[in-house]
Amino acid sequence: MSENRINQESQVTLHFTLKLPDGEVVDSTLDKQPATFKVGDGSLLPGFEQALYGLKAGDQRSFEIDPEHGFGPGNPQNIQVMPRDNFNEMELETGLLVIFQDAAGGELPGVVKTIHDTTVEVDFNHPLAGKVVTFEVEIIAVA
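Just so you know, we're using the numbering used here here: the sequence shown kicks off at 651 and counts up by one.
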């Protein structure tokens, strides 16, 4: 096994599992091909990359990543109140993922936060914003 350690120049191949504090697995490569990326290419958030610095092939680690270094704290301005009439064709429930179209024609996912008689609150923050996540890694290769 190579003794190359992960730094800002590295290409890294790894298996990872991303978990919430309750142990729920949000994403994992364990049942797929490992992920390969170049440090700094934007594939991983900086807080996740920094946790990997110094590791080498064969290392296994578990890191707790706080919101500020992970998916952000969440922005209250990303929670929008919309008329309930906009959802007449839907069976609404809290936690429902709704896909909207943005001004450029792209997809903008939002999660129904609360349902009122005449309005619906939709959260457009990243679903993991404000959450502490556990990042478990097994380093396969470092080049």
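All C-beta atoms, glycine included, are put in the ideal place defined by N, C-alpha and C.
| Query | Result |
| --- | --- |
| For P696, the first and last residue of its enclosing alpha helix (DSSP H) | P696 to L702 |
| Own chain residues within Cβ distance below 8 Å of L705, not counting five before or after | R655, I656, R711, V787, I789 and V792 |
| Sufficient close CB pairs (3 or more, under 8 Å) joining the region 687 to 694 to the region 712 to 722 | no |
| DSSP three-state assignment for H719, whether helix, strand or coil | helix |
| Secondary structure of F737, DSSP reduced to three states | helix |
| CA-to-CA distance, L702 to Q661, given in whole angstroms | 12 Å |
| Beta-carbon separation (whole angstroms), L742 vs V762, contact threshold 8 Å | 6 Å |
| CB contact flag (P726, T769, <8 Å) | no |
| Contact check, E674 vs V782, beta carbons under 8 Å | no |
| Beta carbon proximity, A707 to chain D, threshold 8 Å | Protein chain content of the structure displayed is limited to a single chain, and chain D is not contained in it. |
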